[in-house]
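Below is one structure; the comments refer to it alone.
Residue numbers (UniProt numbering): 1 to 142.
Structure (structure tokens):
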């Protein structure tokens with residue numbers, strides 16, 4: 001369901017923002033570190049830094065080149081982009097989304113908390129997304 005997944009994305013973005021604003025760090029993790037964690041990092045940058053999907057993808061791939069959101073996540077991120085109104089008029093006219101991928105008007109019932117316009121790191125426009133390479137538990141020897 002589009003609405004439930006997008007609500008999950010919103011909750012994740014809010015959780016990440018609270019962790020970072022609280023002076024901490026947030027580990028975004030999924031089993032292989034390729035699909036879901038990448039999609040959540042992209043969604044976060046789209047919302048907090050007001051980046052369109054392609055720019056957010058590029059920013060995340062700078063620190064994690066292997067991310068590759070699957071088609072279902074891509075559709076959700078493009079819907080998220082539309083909800084956040086990150087596309088210019090020209091980009092909306094050329095959108096690759098099919099009608100089935102379009103958000104269904106304003107009936108999604110998503111209440112977005114206010115956006116923070118401040119940068120999260122003094123060194124640059126994007127939060128520091130790099131993490132040391134972690135081995136899965138199966139590779140750890142006791």
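In this text, a Cβ means the ideal position worked out from N, Cα and C, and glycines have one as well.
Bear in mind that the values here come from a model prediction, so they are computed numbers and not experimental data.
DSSP three-state assignment for residue i, whether helix, strand or coil
{"i": "residue 14", "result": "helix"}
{"i": "residue 39", "result": "helix"}
{"i": "residue 34", "result": "coil"}
{"i": "residue 68", "result": "coil"}
{"i": "residue 6", "result": "helix"}
{"i": "residue 81", "result": "helix"}
{"i": "residue 19", "result": "helix"}
{"i": "residue 29", "result": "coil"}
{"i": "residue 48", "result": "helix"}
{"i": "residue 86", "result": "coil"}
{"i": "residue 108", "result": "With a pLDDT of only 40 at residue 108, under 50, the local geometry of the prediction cannot be trusted, and no value is derived from it."}
CA nearest to the CA of residue i, picked from the options
{"i": "residue 34", "options": "13, 80 and 63", "result": "63"}
{"i": "residue 45", "options": "16, 72 and 65", "result": "16"}
{"i": "residue 60", "options": "40, 75 and 31", "result": "40"}
{"i": "residue 67", "options": "30, 20 and 22", "result": "30"}
{"i": "residue 13", "options": "73, 65, 74 and 47", "result": "47"}
{"i": "residue 36", "options": "18, 21 and 5", "result": "5"}
{"i": "residue 10", "options": "19, 43, 69 and 26", "result": "43"}
{"i": "residue 38", "options": "18, 3, 85 and 71", "result": "71"}
{"i": "residue 73", "options": "26, 86, 22 and 57", "result": "57"}
beta-carbon residue i near the ligand HEM non-hydrogen atom, thresh 6 Å
{"i": "residue 31", "result": "This structure does not include the ligand HEM; it has no bound ligands of any sort."}
Span of the alpha helix (DSSP H) around residue i
{"i": "residue 53", "result": "53-63"}
Test: residue i CB closer than 7 Å to a CB of chain D
{"i": "residue 33", "result": "This model lacks chain D altogether, as it is built from one protein chain only."}
*Should the stretch 48-58 be regarded as contacting the stretch 68-87, the criterion being three or more beta carbon pairs within less than 8 Å?*
yes
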